[in-house]
Amino acid sequence: MKESLAKNIDEFILSQTPELVEKLSELRFVIKEVCPEAEESISYMMPAFKYKGKPLCYFGVFKTHIGFFPTPGPIAFYENDLKGYKCSKGTVQIPFKIELPIELIKKLVAHRMKTISINS
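In structure tokens form, the structure reads like this:
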């Protein structure tokens, strides 16, 4: 992962390669499309989004993939949809060489929003 000293998400995205700038901009747009009220920041040296003061999701750039971190709940809920992706408890790895799975990202973000709303 390229260590980032970015102060905001714009700086983080613009510090990447042109191909990644496009993908990360699209990822950010999709997150904000699903959750327009999401608050943006940098946390753990990655773009972070909060909803109602709680972590919604994060993303980061690694050697061969974009790491998308929607927290463990959505990943467990959509386990079947995530077959074919390398996942861990709270992370989905999206290889650079494939298109962003937009509809899947929307589902993961929406599920996390619902969980936050129920528990708020």
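Position 82 of the sequence shown, counting from 1, maps to 82 under full-length UniProt numbering, and the rest follow consecutively.
Glycine residues also receive a C-beta, built at the ideal position from the N, C-alpha and C atoms.
Given this structure, state the Cα-to-Cα distance separating L20 from N119, to the nearest angstrom.
If you take the alpha carbons of L20 and N119, they lie about 34 Å apart.
Any contact between the stretch 34-43 and the stretch 68-82? By contact I mean 3 or more CB pairs, one from each, below 8 Å.
The stretch 34-43, when compared against the stretch 68-82, does not touch it at the 8 Å Cβ threshold.
Quick one: is I102 buried, meaning 16 or more other Cβ sit within 10 Å of its Cβ, or exposed?
Under this definition I102 is an exposed residue.
Can the beta-carbon of V109 be found less than 8 Å from the beta-carbon of I31?
In this structure, I31 lies closer than 8 Å to V109 by Cβ.
Should T17 go down as buried or exposed, given a rule of 16 or more other Cβ atoms within 10 Å for buried?
When all chains shown are included, T17 counts as exposed.
Do P72 and F59 have their beta-carbon atoms positioned less than 8 Å apart in this structure?
No, they are not a contact pair.
Identify the continuous beta strand (DSSP E) that holds residue 160 and give its terminal residues.
Residue numbering for the chain in the displayed model covers 1 to 120; residue 160 lies beyond these limits and cannot be assessed.
Please return the same chain residues whose Cβ sits closer than 8 Å to the Cβ of K2, not counting the five positions on each side in sequence.
Confidence at K2 is low in this model, with a pLDDT of 49, below 50, so the placement of that residue is unreliable and no value is reported for it.
Apply the 10 Å Cβ neighbour rule to F29 and answer buried if 16 or more other Cβ atoms are within range, or exposed otherwise.
It is exposed - the Cβ of F29 has fewer than 16 other Cβ atoms within 10 Å.
Less than 7 Å between C-beta atoms, sequence neighbours within five positions excluded: which residues of the same chain meet that for L100?
K23, E26, L27, I94.
Under a Cβ-count criterion, where at least 16 other Cβ atoms within 10 Å of its own Cβ denotes burial, should Y51 be classed as buried or exposed?
Buried is the call here.
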